[in-house]
Each structure stands twice: as structure tokens, then as C-alpha cells.
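Engineer: Here the UniProt record's numbering is used: the first residue of the sequence shown is 1, the next is one more, and so on.
Cβ atoms here follow ideal geometry from the backbone N, Cα and C, with glycine treated the same way.
Here you go, one structure.
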Amino acid sequence: MQNTTIKAWAWVHKWSSLVCTAFMLLLCLTGLPLIFHHEIGHLLGTEIEAPPMPADTPRISLDEVLSVARAQHPDRVVQFASPGEDDDNLWFVTMTPTPEPTTNFRSVVVDARTGELLAQPRFDQGFMWIMFKLHVDLFAGLAGKLFLGFMGLLLLVAIVSGTVLYAPFMRKLAFGTVRRDRQTHVKWLDLHNLLGIVTLVWLLVVGATGVINTWADLVIKYWQHDQLTAILQPYQGQPTVPQAQRASVQAALDVAHQAAPNSKLYFIAFPGTSFSSPHHHTFFLKGNQPLTSKLMWPVLVDARTAALTAAPQMPWYVQTLLLSQPLHFGDYGGRPMQIIWALLDIAAIIVLGSGLYLWLRKRRTTSKASDGATP
């Protein structure tokens, strides 16, 4: 590789790295506790567990569950309802002042067997919520997500350019060499290069899936415009179905399961909310096998009649988004994958921190040299 080419790649690597490093460090630091969010929740006592009962204990109707939730907040509407991720004996009901998207929500957890109110947790406060918001959007909503997505693209550029530079800079050294007998900055340079190559594939995967996740809001809006417009044409101009005129949600759920057998409920979006239409209960179902459990498809059931309206297949761009989310946090392989993800995350923190240290040291050395040359 010619010197001019090396210099060009070095310039690209330096500036793409410098611009995104602080934010990538923030994402790595906040992402570490998020990998173990369930375990941390148990330690902090914020995880909600259903009381032990025989496995064959009958379950009450979903309509009864929703009645319990509405009784706690009669001035609010139900936006979403979902079974517990790890225990379907729990129902999580999200309630808001209106069906419109908002951060002003209250959560109600109801026992699916007895209808007992178990908790009203606040998911919009506490340590894990702060970590989540910093990691997802910097408390800046869609603008924050898109900004972090751009930083993620710069990270991918830095990874590619760093890989190109690795061979010419390390051609005189065996792979994995860390020159411990040299000055501190040389040892850090070798460690930076080694860990950078070791974490290369992981950083590409996490960086790419992170960028995709920042587009989630836009992808969902495009899906609604692209796929649902034709389905909802017969309902054009009709207002949101009032609560008093809605059919049984349990009956609608049964219809959804009939339309998609061998599936499990992921969550329900109620009429007028961002993931549904003004006229439907939209049931998002997922596969009941490990391979299909990360895929999701919607079933739209008429809110007035509980009749099936449509069960469209999710397009490839939504499925890509859905697959990228668990891959980003290492949710595919259980505890072993979590530990691997955490170790690689720590290695990435060292790569980013050492890169910043090396740049600051070089800048300081250059500045001293310039001062020494000044008459």
C-alpha cells in the first residue's frame, strides 16, 4: 500500500473515530448493565413475580384483567397490554391519558389467574431507565436516535478503516504482540490494535444492529403507510371506536390465535394507538420456537365485531429490524451469550478509551514539539 493511500486511510480512521468515540463510550458503558437488565432488576427488587400456584390453575378473561387495570386509573385509556416476557401468568397493561404517543404512562401488573393487582411499577424512573434512555436516544426522542445512528455509521467507518490500516502498521510484528518492554503509549497502541482486531466482527454486528434500531420509529411509520393503508381503506373517515362500543378483547384474542396457530402473543395495541388503527385491536404474535420467537406478525381484529380483518405478513425491512434488536443485546443465546457480550463490550471500552488516550498523547507531544521549536 502506498504512503499516500495509508495517509488517506489514517485520516479517515482518525476523524471518524474522534467524532464518535465519546458517544460510543457512552453507549458501551450504558449497554453493559442493559445486557443484564433482568438480573439487575432481580437484585434491585424491581422485577415482578407471580405468586406460585399449580400449573393447571385456570386463567381469567383478558377483559377482567383490563377491568382491574382501568379501575386503578379510570381517567386513562389502555394503550398496550402484554403477557410477561418470562412468565405469562402476568399481564402488563400500559395506560395513558389519550391513545396518542406519550411519555406520560402508567403501568399496571395483574395476575392472569386471579385478577389480583400485583404492582404498579414505574418504568420511567430509576437507574435502569436512565441507562436505557441514554443508550437509546440521549433523552432527545427521535432526534437523539437519529444522531446516535449517525454516530454508529461513523463507528462502522472507523472499524473498516482501522482494519485496512492494521496490516501495514503491524506487518513487522507477530499477531497479538504487545510490546510490554516499550513505553506506555506503545503498549497501549499494541493493545488497541489487538483488541480492535479481536472485537472486529462483534463491533460490526453491534454497530450495524444499533444503527438499524435507531431507525425503528421511521420503519414502523413507513410500514403503516406502506402496508396498512389499503387494509384500512373501508374504515376511511371513521372515528376511533369508543370503549363502550368495543367487542370483547378476549374474543378478539381468540380470533387472532385462530388466524395464526402455533404462535404466542407478544403484545396488543389498542384502537387509536401508534401500532394499531382507530378501528382495530392489533395483536402482535411471535413464533413459539427459538428460531421464530424473534419474528413477529400482526393480526388486525375489528374492535366492534371481533371479526378478523387481516393478518398481513411483515415485510423484510420490519423483520430485519425485529431480528436486529435481540442480536444487539445478545438475547439469542441465554446466559453464555450475555457473558460473551459483556466481555466484548468491556474490550470495546478499552479499544475506544485507548484510542482516545493515544490521540490526546500524540496531540500533547506535537504541541510540546511545536513550543520547543518556537524561537
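Under DSSP, the beta strand (DSSP E) around Ser248 begins and ends at which residues?
Structural biologist: No beta strand (DSSP E) holds Ser248; DSSP gives it neither H nor E.
Engineer: Taking residue 377 and Leu156 to be in contact with their CB atoms under 8 Å, please state how far apart those CB atoms are, rounded to whole angstroms.
Structural biologist: As displayed, the chain neither begins before 1 nor continues past 375, which places residue 377 out of reach and without an answer.
Engineer: Which of the three DSSP states is assigned to Pro375 in this structure?
Structural biologist: Only weak support is given to the placement of Pro375: the predicted model assigns it a pLDDT of 45, under 50, and the value that follows is read from those uncertain coordinates. The answer is coil: DSSP assigns Pro375 none of H, G, I, E or B.
Engineer: Can you name the start and end residues of the alpha helix (DSSP H) that Asp63 belongs to?
Structural biologist: That run of the alpha helix (DSSP H) goes Leu62 to Gln72.
Engineer: Taking the beta carbon of Ala306 as the centre, do at least 16 other beta carbons fall within 10 Å, making it buried, or is it exposed?
Structural biologist: Buried, since its Cβ has 16 or more Cβ neighbours within 10 Å.
Engineer: Tell whether a beta-carbon distance below 8 Å holds between residue 428 and Asp88.
Structural biologist: The displayed coordinates of the chain run from 1 to 375. Any statement about residue 428 would go beyond what the structure contains.
Engineer: Using CA coordinates, which residue listed in Glu100, Leu134 and Ala69 is at the minimum distance from Asp124?
Structural biologist: Nearest of Glu100, Leu134 and Ala69 to Asp124, Cα basis: Leu134.
Engineer: If you follow the alpha helix (DSSP H) that Leu29 is in, where does it begin and where does it stop?
Structural biologist: First-last of the alpha helix (DSSP H) with Leu29: Asn3 to Ile35.
Engineer: Please state the DSSP three-state secondary structure of Ala307.
Structural biologist: Three-state result, Ala307: coil.
Engineer: At the level of alpha carbons, what is the spacing between Arg335 and Gly31?
Structural biologist: Rounded to the nearest angstrom, the two C-alpha atoms are 16 Å apart.
Engineer: Please determine, among Ile197, Val68, His280 and Arg106, the residue with the shortest C-alpha to C-alpha distance to Pro234.
Structural biologist: With distances taken between Cα atoms, Pro234 lies closest to His280.
Engineer: With DSSP collapsed to three states, give me the class of Gly210.
Structural biologist: Gly210: helix per DSSP, three-state reduction.
Engineer: Give the DSSP-derived three-state secondary structure of Val109 in the structure shown.
Structural biologist: Residue state, collapsed to three classes: strand.
Engineer: Please specify which runs of the alpha helix (DSSP H), each continuous and at least 4 residues long, are wholly inside the stretch 272-343, giving them in chain order.
Structural biologist: For the stretch 272-343, whole alpha helix (DSSP H) runs of length 4 or above, ordered along the chain, are 316-329.
Engineer: Using C-beta distances below 7 Å, list every residue in its chain close to Ile212, excluding the 5 sequence neighbours before and after it, in chain order.
Structural biologist: Excluding sequence neighbours, Ile212 sits near Thr320, Leu321 and Ser324.
Engineer: Can you have a look at Leu253 and say buried or exposed, based on whether 16 or more other CB atoms are within 10 angstroms of its CB?
Structural biologist: Buried, because 16 or more other Cβ atoms sit within 10 Å of the Cβ of Leu253.
Engineer: With 16 other CB atoms within 10 Å as the buried threshold, where does Tyr266 fall?
Structural biologist: Looking at its Cβ environment, which holds 16 or more other Cβ atoms inside 10 Å, Tyr266 is buried.
Engineer: Could you give the distance in angstroms between the alpha-carbon of Thr163 and the alpha-carbon of Ile197?
Structural biologist: Their backbone Cα atoms lie some 7 Å apart in a straight line.
Engineer: Below 8 Å on the Cβ atoms is my contact criterion, and I expect Phe270 with Val78 to pass it. Report the Cβ-Cβ distance as a whole number of Å.
Structural biologist: Right, the Cβ-Cβ distance comes to about 5 Å (below 8 Å), so this counts as a contact.
Engineer: Using DSSP bridges, identify the partner residues of Ser82.
Structural biologist: Per DSSP, Phe92.
Engineer: How big is the Cα-Cα spacing for Ala260 and Gly287?
Structural biologist: Cα-Cα distance, rounded: 9 Å.
Engineer: Can you tell me where the beta strand (DSSP E) holding Ala269 begins and where it ends?
Structural biologist: Run containing Ala269: Ser263 to Ala269, per the beta strand (DSSP E) assignment.
Engineer: Determine the DSSP secondary structure at Ala260, reduced to helix, strand or coil.
Structural biologist: Ala260 falls in the coil class under three-state DSSP.
Engineer: Mind checking Asp302: buried by the 16 CB within 10 Å criterion, or exposed?
Structural biologist: Flag for Asp302 reads buried.
Engineer: Using beta-carbon positions only, say whether Thr94 and Leu352 come within less than 8 Å of one another.
Structural biologist: Their beta carbons are not under 8 Å apart, which means Thr94 does not touch Leu352 by this criterion.
Engineer: Since I believe Thr96 is in contact with Phe105 (beta carbons under 8 Å), could you give me their beta-carbon distance rounded to a whole number of angstroms?
Structural biologist: That belief holds up - the Cβ atoms of Phe105 and Thr96 are roughly 5 Å apart, short of 8 Å.
Engineer: Would you be able to state if there are at least three C-beta pairs under 8 Å between the stretch 143-159 and the stretch 5-22?
Structural biologist: Yes: at least three Cβ pairs fall under 8 Å.
Engineer: If you drop the 5 nearest sequence neighbours on each side, which residues of the same chain put their C-beta closer than 7 Å to that of Gly144?
Structural biologist: Correct list, in chain order: Asp137 and Leu138.
Engineer: Assuming Val249 contacts Leu66 under a Cβ cut-off of 8 Å, what Cβ separation, rounded to an integer in Å, is found between them?
Structural biologist: Rounded, the Cβ-Cβ distance is 6 Å, consistent with contact.
Engineer: Grab me the residues of Leu25's own chain with a C-beta within less than 6 Å of its C-beta, minus the 5 sequence neighbours each way, in chain order.
Structural biologist: Excluding residues within five positions, the ones whose Cβ falls inside 6 Å are Leu352.
Engineer: Measure from the alpha carbon of Val205 to the alpha carbon of each residue in Ser82, Trp341, Leu358 and Arg76, then state which is nearest.
Structural biologist: Taking only the C-alpha atoms, the option nearest Val205 is Trp341.
Engineer: Straight-line CA distance for Val108 to Ser276?
Structural biologist: Rounded to the nearest angstrom, the two C-alpha atoms are 21 Å apart.
Engineer: Beta-carbon within less than 6 Å of Leu344's beta-carbon, same chain only, minus the 5 sequence neighbours each way: which residues are those?
Structural biologist: Contacts found: Thr199 and Trp202.
Engineer: Assign Ala8 to buried or exposed, taking buried as 16 or more other Cβ atoms, counted over all protein chains shown, within 10 Å of its Cβ.
Structural biologist: Its Cβ having fewer than 16 others within 10 Å, Ala8 is exposed.
Engineer: For the beta strand (DSSP E) that Leu134 lies in, which residues bound it at each end?
Structural biologist: Segment Phe127 to Val136 is the alpha helix (DSSP H) holding Leu134; no beta strand (DSSP E) there.
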